[in-house]
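Chemist:
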Amino acid sequence: MTDSGGASTGGNTGGSTGGDTGGSTGGDTGSGDTGGEPGADPGGDPGSADTGGADTGGDSGSADTGGGDADGWVGGGSGDWFDDTSDEKGGDRSRKAQGPRERFRVTGTAGAIEIAGTGPVAVLTGLHWYLKYTCAAHISWAGTQLDLPKTLPAPAETYEREATVPHRFALNDTHDGYTAPYADWPHWERFIDVLAVHGCNRVLVTVGSEAVYHRLLKDFGYSDAEARAWIPAPSHQPWWLLQNMAEYGGPISAGLLKRRTELAQRIVKRMRELGMSPVLPGYFGTVPGDFAKRNSGGRTIPQGTWNGLPRPAWLDPRTKVFRKVADAFYRHQRTLFGEIGHVKMDLLHEGGDPGDVPVPEAARAVEDALHRSVRDATWVILGWQENPRREVLEGVSRKERMLIVDGLSDLERVTDREKDWGGVPYAFGTIPNFGGRTTLGAKTHMWTERFTQWRDRQGSALAGTAYMPEATHRDPAAFELFSELAWRREAVDRKAWFDDYARLRYGGDDSAARRALTALRDTAYEISSTDGRPHDSIFAARPSLEARSGTYFATHTPAFDLPDFDGALAGLLAVKQPLRGSDAYRYDLADAARQALANRSWLLIGQLQSAYRAKDTAAFRKLATLWLKLMQLSEDITGTHRSFLLGPWLEAARNMAGSAAPGRAREEPMSAAMDPWAGAWAEGGGHATADEMAAAQERFAASERKAASERAALERTARVLITTWADRPAADPGRLANYANRDWHGLIGDFHLPQWRAYLEELEEALKQDRAPKSFDWYALEEPWTKKTDTHALRPVGDTHRTAQRVHDALAKAPYQGSLSVTADPPALPAGGDGELKAVFRNENGLRATGAVDLSLTGLDGAKPQDPTSVKRVGPGARATVRWRVPAPDRPLKRPLEPLPYKLTVEYGPEGESRVRTRHDGTLYVGGPLDRSLRTATSNDAVFGQLKDRFAINGAGKDLWKGTEEFGTVYREGALRDGDSVTAKVTSQEATGPWARAGLVARNTLAAPGGQRAADTSPGFVNLAVTPANGVALSYDSDGDGTLDTYKRVTGVKAPVTLRLSRKGNAFKGELSTDDGKSWREVATVKVPQASDAMDAGLFMTATNGGSAARGQAEFSAWH
């Protein structure tokens, strides 16, 4: 898979497909054609690429691999090698008329392996299938293992596979930013090879798009300098192409523009050689804000801001000027990169504003412009949140030439994409990584359950797969499993698959490896988060005791069972010595140890917060010391593998600047301007005077100053992206700080650890002095770091196994690895009655059992234990339960819910280590009974009480917005019909968060079937609520998918306030009154699709605590 012949799958790991992730796939990386011939074969015909070396022997699309180095295993030629006997089901309309399906066949004898296929991608997929399932070898973007024998063994069986879907799409719009914005050709060369052996045939390429826009703007009245100033630095270009921002990190230099263009040409050339179709950005109207002023007839719609950053303008697609611009865009794109068959466009992405432009008309105009320039191109569009808008699909005329790459196929609430998108072809897809964060996890159980079902059901429009992490080079097991979906007619057996993966990943059978992969399968690769995101590390957050993730836009609770994950670390450490030599093993071991440490941040942050609130200085000091120790261990373990080093990320940015000095772009020859003596000598005809030499030296110095300035500027953008993301407006009000956080050696130790140390030391001092702690302006502390130019390690700095063993031993004996969960039955005790209080202690240490665990309960008079309150031992990850019988006071209630506070103390420690004492402060409630006609539902552990016409709800809840629905409600079934209204007064609300909500809720069904848990998929969803800091908000489901996604509000209002929700058909009006209903103020009137004739309606609350577990109480009256 090199530019010219003979890539090796083994041998020299620096130049092979299986080498170090920083290496090339073979060949002379300096000898490739960088020109990217504009007229190069544009079609990506999988049968026409001559990739060199392989002896096809007349068998089109075959490769013969004889020896252990597998020289020349990429086959050329074309054509089907057996008749199409596929069983086209009647419902597979989206896959008909797609032409012959891609296939491969692997046969042969020892030392003579034949791989035949319909094209290079099929052949390479077959090669990897053989390597995996016969040779127990693995090619990956995150650690490779290619320990091949000198003579390759015969295939264990004849492998015959065909792609069951035509499109195997790869990469996210953000990939080029979050993965490697300053990557060079050797990186891309190997990366393309890895994609090819995983069967990917549609690959998004955004590199080089700046060259198209640069030429385009010069056609429409902009100078070279103006055009380059509008284009952001490569680190931030993905969001410019999405119309989210412009200019940041610019202007880009002419040299950088040239180098990126040449890189893109090599990328698309190589993809076409391998039978892959580059998917390039299309044109849908992004222009500078002053474009209309410069171009008569142009009409632009301002787009406001995106996360604190000004957005580019949108050129009205209905205008003649748009048509001219689009024609020029595709002309320049074709000149630079050849003909294309697939373009990626997302109209009005993430909050884009159509203004007064009808979206269907705009979509049709964008489509017409595309097909006028690229006749049969496929419009690829992302399925994400509200994208694509229904109005876009309504406007498009050639829906068969669209492909929606769905980023949410694995979410529980997504069930019917044929209905959602009206039968438009789509790819079953996932986004398992966000921001390039060093998370570990994916919903592989949803992939294996759903893909074949969705593909084979009657009327299916499923036409492909789409693997779209926001950054790649993470989660090799997840990518491997997902890439095989398209090549299997049968559903994947996850247990058998992960057992096989343990063998091929490390090169042999090993029971410890299987145990490790079983732990991963059941935890990280079966994540339970409702938003589909694995959790990151709180060590990477801006320091706060309230932090419940590394960044704001993230999942705020652990996505899998933390103690059970420890089995992955323990298992990998125990893998037998002969299987520890591969880069794959070292990568996985470092990653598992890193993740085990990150998991502890979730366990400890709440205990730090509790100790601080309790003013327990001694406990806080111990916890803070442990916190910092684990952060240092994270710095140590990530230093043992190149994939977790900050240094290469920064070095790549510096290398992208052109200069003869250290850090100049790779493969760039030294010019005369870079060598002043050679230049002066040449200018002087072989003789140079002192003045000529001085002038040459000054030119060189000026060139170096310019290059140094560019190196510093590019390095700054690389540092910014993984910390503040951009400047203060994006970092603070835009909430993008640490969105791209990483557990990296150098970043932890130089950036995050000093922050946490300063913060925890200040909190301890505040406790000692009994004062409020000082506040930190984190951006003011972060911004200087982004301007540094100091160096960091470029190579591993420790032994992976020894360091991982240190991590294991430290975690096994660390204190404070326990948790308590407490429940009451009934949730609210009746006055004069009694109930059961149940405490469950969990040993959160998955590596070692506890010693004795002692529990004691105080504060509840008359409470009697029903179980022994001392337990001798609790196993790793195991639980112990103690119950008490608790009487309630026999006195009249004054409020609907009255608290009974208690303290539950537990003393414990790892077996053989010192014990610690922790305290859980909790509350039971005595509540008045609800009327029999009322129903309750909760997804936030709510407790309900009634006293005559007064009601109270006490509960927790992370949020009630989009994919997160945690609330408690008391309601009447079918109470809101056409012409009805519901009214209630929120008399009080505890401020558990600025967006805590209390008020009125209506939904087609408020309870999930068969129980009292709140429904989380029912459409017709609307609520009207008061908040502590954001006024009164009317939130609703605008598209009928069952989730709240839009709100209108009136600010400056707090409880007490009376609320009224009225209905007329599908229109719902929210109103508020601050004078007990004497006068009313409208909040908004909104349309709620799919509202049923008789909706459930009632009172509700959510603490909106962001995952902190804080509970709050809201009280109501005058509900009718």
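Counting in full-length UniProt numbering, the sequence shown runs from 1 upward without gaps. Don't be surprised by glycine CBs; every beta carbon is placed ideally from N, CA and C. Keep in mind that this is a model prediction, so the values were computed, not measured.
1. In angstroms, rounded to a whole number, what distance separates the CA positions of Ala758 and Gln609?
2. With DSSP run on the structure shown, which of helix, strand or coil describes Pro432?
3. Assign Gly979 to one of two classes, buried (16 or more other C-beta atoms within 10 Å of its C-beta) or exposed (fewer than that).
4. Is Pro278 near the ligand PLP - that is, is its Cβ less than 6 Å away from at least one heavy atom of it?
5. Buried or exposed: where does Thr964 fall if 16 or more other Cβ atoms within 10 Å of its Cβ makes it buried?
6. Run the CB neighbour count on Ser296, radius 10 Å, all protein chains shown included, and call it buried at 16 or more, exposed below.
7. Would you mind giving the Cβ-Cβ distance between Val807 and Gly639, rounded to the nearest angstrom? I have them listed as a contact below 8 Å.
8. Between the Cα of Ile748 and the Cα atoms of Asp1041, Val357, Arg594, which residue gives the shortest distance?
9. State yes or no: is the C-beta of Thr800 within less than 7 Å of the C-beta of Ala590?
10. Excluding the five sequence neighbours on either side, which residues of its own chain have a C-beta within less than 7 Å of the C-beta of Arg311, listed in chain order?
11. What does the alpha-carbon distance come out to for the pair Trp756 and Thr625?
12. On the criterion of 16 or more Cβ atoms from any shown chain inside 10 Å, does Ser544 qualify as buried, or is it exposed?
13. Given a cut-off of 7 Å, decide if Pro534 and Ala559 are closer than it, judged by their beta-carbon atoms.
14. Would you say His745 and Leu860 are within 7 Å of each other, going by their C-beta atoms?
15. Could you tell me the alpha carbon to alpha carbon distance between Gly912 and Thr803, rounded to whole angstroms?
16. Do the segment 865 to 872 and the segment 813 to 832 touch if we need at least three Cβ pairs shorter than 8 Å?
17. Could you check whether the segment 454 to 463 touches the segment 473 to 481, counting it as contact only if at least three pairs of C-beta atoms, one from each stretch, sit closer than 8 Å?
18. Taking Trp454 as part of the alpha helix (DSSP H), name the residues at either end of that continuous run.
19. Within this structure, are the beta carbons of Thr438 and Arg742 separated by less than 7 Å?
20. Let me know if Asp193 comes out buried or exposed under the rule of 16 or more other beta-carbons within 10 Å of its beta-carbon.
21. Using three-state DSSP, classify residue 1121 as helix, strand or coil.
22. Taking 7 Å as the threshold (C-beta atoms), are Trp649 and Ala718 in contact?
23. Among the candidates Trp497, Lys218, Val165, Asp184, whose CA atom is the shortest distance from the CA of Arg202?
24. What did DSSP end up calling Met468 once you bin it into helix, strand or coil?
25. Beta carbon of Ala584, beta carbon of Thr144: below 7 Å?
26. Does the beta-carbon of Met674 have 16 or more other beta-carbons within 10 angstroms, so that it is buried, or is it exposed?
27. Taking only the alpha-carbon atoms, compute the straight-line gap between Leu837 and Trp602 and give it to the nearest angstrom.
28. Helix, strand or coil: how does DSSP classify Met674 here?
29. What residue does the alpha helix (DSSP H) around Met693 start on, and which one ends it?
30. Between Asp410 and Met468, is the Cβ-Cβ spacing less than 7 Å?
31. With respect to the beta strand (DSSP E) encompassing Gly945, which residues constitute its N-terminal and C-terminal limits?
32. CA-CA distance, Asn954 and Asp777?
33. Return the first residue and the last residue of the alpha helix (DSSP H) that Thr335 is part of.
34. Tell me whether the beta-carbon of Thr1058 lies closer than 7 Å to the beta-carbon of Lys1069.
35. Which partner residues of Ile953 appear in the DSSP bridge assignment?
36. When you compare only the Cα positions, how much space is there between Ala688 and Gly734?
Modeler: Inspection of the coordinates gives the following:
1. So the alpha carbons of these two residues sit roughly 16 Å apart.
2. Of the three classes helix, strand and coil, the one that applies to Pro432 here is coil, per DSSP.
3. Gly979 comes out exposed.
4. No copy of the ligand PLP occurs in the structure displayed, which carries no ligand at all.
5. Buried.
6. exposed
7. Rounded, the Cβ-Cβ distance is 12 Å, inconsistent with contact.
8. Arg594
9. yes
10. Gln243, Asn244, Met245, Gln303, Gly304, Thr305
11. Taking the straight line from one Cα to the other gives about 11 Å.
12. exposed
13. A contact, by the Cβ cut-off of 7 Å.
14. no
15. 23 Å
16. no
17. no
18. 444 to 456
19. yes
20. buried
21. Because the chain spans 1 through 1120 in this model, residue 1121 falls outside it and cannot be assessed.
22. In contact: Ala718 and Trp649 (Cβ atoms closer than 7 Å).
23. Closest by alpha carbon: Val165.
24. The answer is coil: DSSP assigns Met468 none of H, G, I, E or B.
25. yes
26. Since pLDDT at Met674 reaches only 41, below the 50 mark, its modelled position is unreliable, and no value is offered.
27. So the alpha carbons of these two residues sit roughly 26 Å apart.
28. Legend: pLDDT at Met674 = 41, less than 50; position of this residue unreliable, value from coordinates given subsequently. Three-state DSSP puts Met674 in coil, outside helix and strand.
29. Note, Met693: alpha helix (DSSP H), 690 to 721.
30. Result no, Cβ atoms of Asp410 and Met468 do not sit closer than 7 Å.
31. 943 to 947
32. 34 Å
33. 320 to 337
34. no
35. Residue pairing of Ile953 in beta bridges, as defined by DSSP: Phe944, Ala1114.
36. Roughly 57 Å between the two C-alpha positions.
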